[in-house]
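*Asks:* Take a look at this one; I'll ask things after.
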Amino acid sequence: MYQPRPVLSYPVLSVGQQPEQTKQYLFTKAHKLPTDEELTVEEVNLSSVTLTAAAFQYGKYCENYNNEFMLCRREEKDPRKCLDEGKLVTSCALEFFRKVKKSCSAELADYSYCLDKSSTNLDPSKCRRTQGVYDQCILDNLGIERPHFGYFSRAKVHHTERPRPPVLGVPEGGEFPNKPDGLPDDFPMSKPAYGNRRFM
Numbered sequence: 276m277y278q279p280r281p282v283l284s285y286p287v288l289s290v291g292q293q294p295e296q297t298k299q300y301l302f303t304k305a306h307k308l309p310t311d312e313e314l315t316v317e318e319v320n321l322s323s324v325t326l327t328a329a330a331f332q333y334g335k336y337c338e339n340y341n342n343e344f345m346l347c348r349r350e351e352k353d354p355r356k357c358l359d360e361g362k363l364v365t366s367c368a369l370e371f372f373r374k375v376k377k378s379c380s381a382e383l384a385d386y387s388y389c390l391d392k393s394s395t396n397l398d399p400s401k402c403r404r405t406q407g408v409y410d411q412c413i414l415d416n417l418g419i420e421r422p423h424f425g426y427f428s429r430a431k432v433h434h435t436e437r438p439r440p441p442v443l444g445v446p447e448g449g450e451f452p453n454k455p456d457g458l459p460d461d462f463p464m465s466k467p468a469y470g471n472r473r474f475m
């Protein structure tokens, strides 16, 4: 019997992962890859310095779209299923930078120039004056206050309208039909040698 052969096989290494721990991802003829039309969107043509300078306010402006995209990538484990969410992220970024260009273009340019020229690692500590002018301009014109330093590292609950994908091995309702009832409270148990056996 004819067995279809994989078209492409490549190892994927994570940071700190040893070669023997790699997974082989196989693509066959049955896989549907997105077309060029599905992948073609208007790009955000800005330098990394400009993106770094505007990162805090951009992250706050597009927070919902970014969280939706990252949740989709995490749950689906397939980037093809999150193309629409990715397009919304790019669209939001374009909208944000168009608004910045209208109202705070010079302030962003000054702050970006300072980040680029004052250090080799885009250290913002040397550019607090231009950063303050840019932050105030964004606050006055767009109403976005610069988030505090650890804002994007905090754990948040994201509410989504997208249905949760099924988890392999878990029933539809999330409850297993043969779940044990547990032991009764008066079940005879031997005295534990070290501490308590019961967990809260």
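Under the working numbering, the first residue of the sequence shown carries the number 276, and numbering increases by one thereafter. Glycine is no exception: its CB is placed at the ideal position from the N, C-alpha and C atoms.
Within 10 angstroms of the Cβ of F462, are there 16 or more other Cβ atoms? Answer buried if so, exposed if not.
*Replies:* Burial call: exposed.
*Asks:* For the candidate residues F451, D391, S378 and E351, whose alpha-carbon lies nearest to that of D415?
*Replies:* Comparing alpha-carbon positions, the option among F451, D391, S378 and E351 lying closest to D415 turns out to be S378.
*Asks:* For Y386, which option in T327, V319, D456 and K335 has the closest C-alpha, if you only look at C-alpha atoms?
*Replies:* T327
*Asks:* Ordered along the chain, which non-local residues of its own chain (more than five positions away) have a Cβ less than 8 Å from that of S400?
*Replies:* none
*Asks:* Check whether the Cβ atoms of E370 and C412 lie closer than 8 Å to each other.
*Replies:* no
*Asks:* In the DSSP assignment, find the unbroken alpha helix (DSSP H) run with I419 in it and report its ends.
*Replies:* Segment: none, I419 is in no alpha helix (DSSP H) and carries neither H nor E.
*Asks:* Tell me the start and end of each unbroken beta strand (DSSP E) in the segment 354-405 that is at least 3 residues and wholly inside, in chain order.
*Replies:* none
*Asks:* Helix or strand or just coil, what does DSSP make of L443?
*Replies:* coil
*Asks:* With distance defined between alpha-carbon atoms, name the residue in K392, E313, E420 and I419 nearest to D359.
*Replies:* E313
*Asks:* Can you tell which of L390, R348, D353 and V319 has the C-alpha that lies nearest to the C-alpha of L308?
*Replies:* D353
*Asks:* Hey, R421 and Q332 are a contact pair by Cβ (cut 8 Å); roughly how many whole angstroms apart?
*Replies:* Contact flag correct, Cβ pair sits at about 6 Å.
*Asks:* Which of the three DSSP states, helix, strand or coil, is assigned to F302?
*Replies:* strand
*Asks:* Just to confirm, are C347 and K356 a CB contact at a threshold of 8 Å?
*Replies:* yes
*Asks:* Does N342 come out as helix, strand or coil in the three-state DSSP assignment?
*Replies:* helix
*Asks:* Please report the distance separating the alpha-carbon of D391 from that of F427.
*Replies:* 23 Å
*Asks:* My output table needs one value for Y409: the three-state DSSP class, helix, strand or coil.
*Replies:* helix
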